[in-house]
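Colleague: Respectively, the protein sequence lines represent chains A and B.
Read left to right, the first sequence gives residues 301 to 414 (the working numbering).
Read left to right, the second sequence gives residues 132 to 246 (the working numbering).
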Amino acid sequence: DAGVTQSPTHLIKTRGQQVTLRCSPKSGHDTVSWYQQALGQGPQFIFQYYEEEERQRGNFPDRFSGHQFPNYSSELNVNALLLGDSALYLCASSLAPTLGGELFFGEGSRLTVL
Amino acid sequence: SQKIEQNSEALNIQEGKTATLTCNYTNYSPAYLQWYRQDPGRGPVFLLLIRENEKEKRKERLKVTFDTTLKQSLFHITASQPADSATYLCALDIPPYNQGGKLIFGQGTELSVKP
């Protein structure tokens, strides 16, 4: 049973560019959440997708957008990259928005913005 | 807004001892609290969840307590082993509580267990 898979694992971009990160949730899961983790910090919630819609959003600018496909996989897009966007981007899946559900995380996509 | 504080200093202990990690939060009490383990360059891995009406939860060598009066959770690893060395993250839910997946994480505490 495949867990959460993310791609690419590492990427380097320059300021002003755009990036797309991809996530396939754990088999049977229908909800995907995205987190940003800066070095030495805990993950910060970006947004959550369920039934192909953004259900909740954290305190991130509109440069951060996403999408969920009918097969529950998801993409995170970041436009007009800033140096401060350099971080580990984590995708987490769960089974439907439920109270207290544990999250299953992927290994993350390490983004470096030069 | 809700804030979470974990031991900012790394915790170094000897193998076989009990490691105790602290998670303090401000403002409202969450419906539940979770603990995750994270190894360098890897994604967090879920360990334990404790609900607001539970005082204590155990899983093998792990124990979590939840004191809503003190606004604090303690995470214990008994008979620690070098393989327990990792960063441990505390996470709380955010209202609306029926929308699982939206968590606030602490900055994590790095645990190092020496042989």
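Beta carbons: idealized from backbone N, C-alpha and C, even for Gly.
Bear in mind that the values here come from a model prediction, so they are computed numbers and not experimental data.
Using DSSP with H/G/I as helix, E/B as strand and the rest coil, what is G328/A?
Modeller: coil
Colleague: Just to confirm before moving on: does the CB-CB distance between L242/B and S216/B stay below 8 Å?
Modeller: Their beta carbons are under 8 Å apart, which means L242/B touches S216/B by this criterion.
Colleague: I need the straight-line Cα distance from F404/A to Y156/B, nearest angstrom please.
Modeller: 23 Å
Colleague: Suppose you measure from the CA of H310/A to the CA of T200/B; what does that come to, to the nearest Å?
Modeller: 43 Å
Colleague: Going by DSSP in three states, A214/B sits in which element: helix, strand or coil?
Modeller: Looking at A214/B - three-state DSSP - the assignment turns out to be helix.
Colleague: Assuming A141/B and I208/B make a contact with CB atoms under 8 Å, what is their CB distance in whole Å?
Modeller: At roughly 15 Å, the Cβ-Cβ gap does not stay under 8 Å, so A141/B and I208/B are not in contact.
Colleague: Alpha carbon to alpha carbon, what distance is there between R355/A and T153/B?
Modeller: 31 Å
Colleague: Along chain A, in chain order, which residues have C-beta atoms closer than 8 Å to that of K233/B?
Modeller: S333, F345, Q348, Q356, G358
Colleague: Quick check on DSSP: helix, strand or coil for L242/B?
Modeller: Note: L242/B maps to strand in three-state DSSP.
Colleague: Taking its Cβ as the centre, do 16 or more other Cβ atoms sit within 10 Å of G417/A, making it buried, or is it exposed?
Modeller: Here chain A covers residues 301 to 414 and nothing more, so residue 417/A does not appear.
Colleague: For I144/B, collect the residues of the same chain with a Cβ closer than 8 Å to its Cβ; drop the 5 residues on either side in sequence, then sort them by chain order.
Modeller: A150, S211, L242, S243, V244, K245
Colleague: Considering L311/A, what are the terminal residues of the beta strand (DSSP E) in which it resides?
Modeller: Note, L311/A: beta strand (DSSP E), 310 to 313.
Colleague: Which residues in the same chain have their Cβ closer than 7 Å to the Cβ of G401/A, if we skip the five residues on either side of it in sequence?
Modeller: S394, L395
Colleague: Should F236/B be flagged as near chain A, meaning a C-beta pair shorter than 8 Å?
Modeller: yes
Colleague: Looking at chain A, is there any beta carbon in it that lies within less than 8 Å of the beta carbon of F197/B?
Modeller: Taking Cβ atoms only, chain A never reaches closer than 8 Å to F197/B, which makes this a no.
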